[in-house]
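In my numbering, the protein residues as written are 39 to 534.
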């Protein structure tokens, strides 16, 4: 995008919201909120359903490469997000939402019908094109809701992940027990189809915010290439050895591609990502911290598969061998905490500095992951440690969007939201690969499937706790940002 300091910013786009929407959240805006909330939370649903089914998928296809079931999805989301965010600004966000929802539906159908693991990964990759929906949703909040409802709507979109974390494991567990992983994946496709219908019927048409320009394909390819090489290197490190010349070559390639990306973005007239925005401390620390925190939290959610759903095989696997339904019931209290804490955080951030609950959430989540590393052998241990992790996770999920809202201007919201989603998915892919690296430190292969010991499970939780601790450290370098009630008063984001 061309950025001329002397030029005045374009007027904010006005959605075709009904009369009176500026004074109360009526039926129409309630349906708009649902049309935004449902597709955004289908990302969390996809994570839960994929995590629940991937153990059965690994054993069905007899593959030890099940990590790529999650990783390839996250990588495609990372690569597609900046293009999708840019397309939303150029062609209108509703139109782009409908396109990527359709792609997600097609990918999910291919995955569920796949006769082999390789084709299933192709379907998962296509489904990843839907992943950037959250960037479009968060960027649209200021355009479809009146100022006094923006913070509430943004908080609900984020904290409603708690409802997903309560209901979806129950649904996914029941489906896995009674219909196998195919039933779980069919239900996921149905949820995407419903999101497509809701957006088509109720999402307002938000006019494009920029004139049509050419996409920065070079920047996108360099960024995607760098991320893919890094994730692949982390995945192969434990197999090839961290000092192997191939691993060192991959890391060097990643660095070269990343440097080339920055150089291209600084020179191109219409950059894919405005790297100059990252030079602002408030934006950089919010984006980096929220990406690492949320990516790690969602990666940690997949650990339940290896702890609870993998079988107990003496000398081979230290899983608990629970049914999907039993596992979901044990996890229900932790899921409820995310909802409760999310609602509390939405109220708190109206009155206090959003950084305070953010830091508290990071600290509690780190402690929770450490406790899960030590205590994951019984139902009571899993409930208590899971509640501690999700107590912090509720604060993390609720405050992430609010922090970003207060760190950037209205005009930057679309670009910043795209960057946030892209970085979060990249962080999730990296955290997932680090988690599998720790798991693979003590694994056993039986009938082509990898199984894990108790020591490997502990190491994976400790690794994730280390990732969350990085986000906690970054939080203390985060400058002050605006509260939700301040973002639409005409004030600029605070940079002190």
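Note that the Cβ used here is the ideal one computed from N, Cα and C, for glycine as well.
The three-state secondary structure of residue 482, taken from DSSP, is strand.
Here the alpha carbons of residue 333 and residue 424 stand approximately 17 Å from one another.
The shortest CA-to-CA distance from residue 513 to any of 491, 365, 322 and 344 is the one to 322. Secondary structure at residue 361: coil, using DSSP grouped into helix, strand and coil.
Closest option to residue 397, judged by alpha-carbon separation, among 510, 390 and 504: 510. Residue 356 carries a strand assignment under DSSP once its states are collapsed to helix, strand and coil. The alpha-carbon separation between residue 115 and residue 316 amounts to approximately 20 Å. Taking C-beta atoms as the reference points, residue 421 and residue 387 fail to come closer than 8 Å. Between residue 404 and residue 503, the gap from beta carbon to beta carbon is short of 8 Å.
Per the coordinates, the alpha-carbon of residue 223 lies some 9 Å from the alpha-carbon of residue 84. DSSP places residue 488 in the uninterrupted beta strand (DSSP E) bounded by 487-490.
Pairing residue 120 with residue 460 gives a Cβ-Cβ distance under 8 Å. The alpha-carbon of residue 170 is positioned some 17 Å away from that of residue 443. Counting the other Cβ atoms within 10 Å of the Cβ of residue 290 gives fewer than 16, which makes it exposed. Residue 362 sits close to residue 211, with the two beta carbons spaced by under 8 Å.
Taking C-beta atoms as the reference points, residue 260 and residue 219 fail to come closer than 8 Å. In this structure, the straight-line span from the alpha carbon of residue 445 to that of residue 256 is close to 28 Å. The alpha-carbon separation between residue 357 and residue 253 amounts to approximately 47 Å. C-alpha of residue 160 to C-alpha of residue 149: approximately 7 Å in a straight line. DSSP, read as helix, strand or coil, puts residue 104 in coil. Residue nearest to residue 505 within the set 215, 467 and 73 is 467 (criterion: CA-CA distance).
Counting only residues of its own chain and dropping the five nearest sequence neighbours on each side, residue 274 has a CB closer than 7 Å to the CB of 285.
When only Cα atoms are considered, residue 347 and residue 309 end up about 45 Å apart. Partner residues in the beta bridge of residue 350, as assigned by DSSP, are 356.
Taking residue 377 as reference, the option from 433, 389 and 213 with the minimal CA-CA separation is 433.
Contact between residue 143 and residue 67 is ruled out by a C-beta separation of about 26 Å, above the 8 Å threshold. Secondary structure at residue 120: helix, using DSSP grouped into helix, strand and coil. Assignment of residue 329 by DSSP, reduced to helix, strand and coil, places it in the helix class. Linking residue 429 to residue 207 through their CA atoms gives a straight-line distance of about 18 Å. According to the DSSP assignment, residue 146 belongs to the alpha helix (DSSP H) that extends over 131-151.
An exposed status is given to residue 485, since fewer than 16 other beta-carbon atoms sit within 10 Å of its beta-carbon.
In terms of CA proximity to residue 135, 236 leads the group 331, 204, 508 and 236.
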